[in-house]
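Using the numbering used here, read the sequence shown as starting at 1 and increasing by one per residue.
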Amino acid sequence: MIYEYAIEPELLMHWASNDRDYREFLREYGLGTPRLTSSFPKQKAAKFRSYYLRKGPRDEQSNEAQRYLEMVNYIAESLVYRNNIECDGSCWESNILHEDSVNPFYAILTSTPIDSKRCLTPNTMYSEGSIWNHECQISVSRTYENLFPILSNMFSLAQEEIIIVDGYGWNQRAIEFIAKLLNGVLCGKGFNQCPELVLFYKDKKDDKAPDAAYVKSEIEKRAPGIKDAVKFQVISLSEVGGGDVFHNRCILTEHGGIAFGHGIDVTENSFHSDEVTLMNKAVYIKKWDQFVDDLCFEVVSQA
Numbered sequence: 001m002i003y004e005y006a007i008e009p010e011l012l013m014h015w016a017s018n019d020r021d022y023r024e025f026l027r028e029y030g031l032g033t034p035r036l037t038s039s040f041p042k043q044k045a046a047k048f049r050s051y052y053l054r055k056g057p058r059d060e061q062s063n064e065a066q067r068y069l070e071m072v073n074y075i076a077e078s079l080v081y082r083n084n085i086e087c088d089g090s091c092w093e094s095n096i097l098h099e100d101s102v103n104p105f106y107a108i109l110t111s112t113p114i115d116s117k118r119c120l121t122p123n124t125m126y127s128e129g130s131i132w133n134h135e136c137q138i139s140v141s142r143t144y145e146n147l148f149p150i151l152s153n154m155f156s157l158a159q160e161e162i163i164i165v166d167g168y169g170w171n172q173r174a175i176e177f178i179a180k181l182l183n184g185v186l187c188g189k190g191f192n193q194c195p196e197l198v199l200f201y202k203d204k205k206d207d208k209a210p211d212a213a214y215v216k217s218e219i220e221k222r223a224p225g226i227k228d229a230v231k232f233q234v235i236s237l238s239e240v241g242g243g244d245v246f247h248n249r250c251i252l253t254e255h256g257g258i259a260f261g262h263g264i265d266v267t268e269n270s271f272h273s274d275e276v277t278l279m280n281k282a283v284y285i286k287k288w289d290q291f292v293d294d295l296c297f298e299v300v301s302q303a
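Below, the structure written as structure tokens:
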């Protein structure tokens, strides 16, 4: 539900030339949307920003230049980072085609067509069946085989953290899901940098859930080899009086979040369904603050 887009500077400047395209860009791209911008042709946000600003309007006091500056700053806040990029510093088109042949982008947005099947232009991006179109909410069978393809691209883009939040993340079906996730993605070869995985679940006061060490050991039994490949934490939490409740189930990465109606304790029954929803920016930031930046629950156990 989250995808990497490369955007030609000339196209970004064209969108900055009028209010309609400028506002549509801010609505359709960036954190909280399915479309995140690639760091190409640079590896760091500061260098990406400098590169794009050098390509911007010459009249720095114009409305177009001010919109372009805001757009560049906006997308630089939530880039999909690429490592080991080799660019000769000349033609953006030749560099993007080379990079796309080595490590394909999901889509490349340009003002005029280039020689890539993943290229989209203003004349083609809104066509019926275009890869530009994405669902922000999907109803899916609650099986691993049906759920994983929806999440896999989000996982493959993560380089820092994958946060799983599920009050019942300690039960056997959730343990099976996480073990398959570790085996299927985190120990694979698709990462430039392997992210840390953290599972938060809720301690039960009356019918106590197992402690974090037990849950972690059960997952590791089903995912041999992860100790050498992944930094993995399990944390049991309880609610704090006067604070928010631990109810919603979601998965977060540095690129966005996905909420579940039921959770990650998947079933083998394909008739059981769940709704998977891409969080908007405000909801994502709230959940990231609650569980990452400023944990608002009490830690009962961790491993």
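C-beta: ideal position from N, C-alpha, C; glycine also.
All values derive from a computational prediction rather than experimental measurement.
Under the three-state DSSP convention, the category residue i falls into
i, result
"residue 79", "coil"
"residue 281", "helix"
"residue 215", "helix"
"residue 264", "coil"
"residue 46", "helix"
"residue 118", "coil"
"residue 242", "coil"
"residue 6", "strand"
Proximity to residue i [Cα-Cα], best of the options
i, options, result
"residue 18", "65, 75, 258", "65"
"residue 9", "68, 47, 23", "68"
"residue 26", "280, 149, 293", "280"
"residue 71", "56, 203, 161", "56"
"residue 152", "239, 247, 184", "184"
"residue 139", "288, 253, 290, 278", "278"
"residue 167", "181, 227, 36, 212", "212"
"residue 362", "156, 4, 160", "An answer regarding residue 362 cannot be provided, because it is not within the stretch 1 to 303 covered by the chain."
"residue 111", "13, 254, 225, 251", "13"
Delimiting residues of the alpha helix (DSSP H) encompassing residue i
i, result
"residue 145", "144-157"
"residue 107", "Looking at the DSSP string, residue 107 is not in any alpha helix (DSSP H); the run it does join, the beta strand (DSSP E), is 107-109."
Whether residue i touches residue j by CB criterion (8 Å)
i, j, result
"residue 175", "residue 218", "yes"
"residue 179", "residue 223", "yes"
"residue 1", "residue 150", "yes"
"residue 254", "residue 158", "yes"
"residue 272", "residue 142", "yes"
"residue 75", "residue 106", "no"
"residue 37", "residue 5", "yes"
Extent of the continuous beta strand (DSSP E) to which residue i belongs
i, result
"residue 179", "Per DSSP, residue 179 belongs to no beta strand (DSSP E); it is in the alpha helix (DSSP H), 172-181."
#### Entry: Inter-stretch contact (C-beta, 8 Å, three-pair minimum) for the region 39-48 and the region 77-92
With a cut-off of 8 Å, the region 77-92 and the region 39-48 count as touching, because enough Cβ pairs lie within range.
### Query
Can you find at least 3 beta carbon pairs, one from the region 258-267 and one from the region 221-241, that sit closer than 8 Å?
Because the criterion of three Cβ pairs below 8 Å is not met, the region 258-267 and the region 221-241 do not touch.
### Query
Do the region 286-301 and the region 28-43 meet, that is, are 3 or more Cβ pairs less than 8 Å apart?
The region 286-301 vs the region 28-43: no contact.
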